[in-house]
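Below: the structure, in structure tokens.
Numbering (the working numbering), first residue to last: 4 to 93.
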């Protein structure tokens, strides 16, 4: 199947952030957009719900922080409460 050039306009900061994210996933912008479009075809629509967030800004920021922490390999993780208590010296 032939590829065709396509142009889209996006916010510069969104592009910068997603370029870094996609790079961490081993994707470039073109591959990520193609992946999104194929998922739209597979789902017969958008592959996610489009809705107004039900959380206030503080909660959304806390969720974003938790996601960042969960992806950070330098943050210790524990397989059980026992491991956590041992690490805390309890």
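Ideal Cβ positions, reconstructed from N, Cα and C, are used throughout, including at glycine. The structure displayed is predicted, hence computed values, not measured ones.
Nearest chain C C-beta to residue 40 closer than 8 Å, yes or no?
Absent from the structure: chain C. Only one protein chain is present.
Can you look up residue 5 in the DSSP assignment and give me helix, strand or coil?
For the purposes of this step, residue 5 is taken as the residue at position 2 of the chain shown. It is coil, neither helix nor strand.
What are the boundary residues of the alpha helix (DSSP H) that includes residue 15?
The count along the chain shown starts at 1 and reaches residue 15 at position 12. For residue 15, the enclosing alpha helix (DSSP H) covers residues 15–27.
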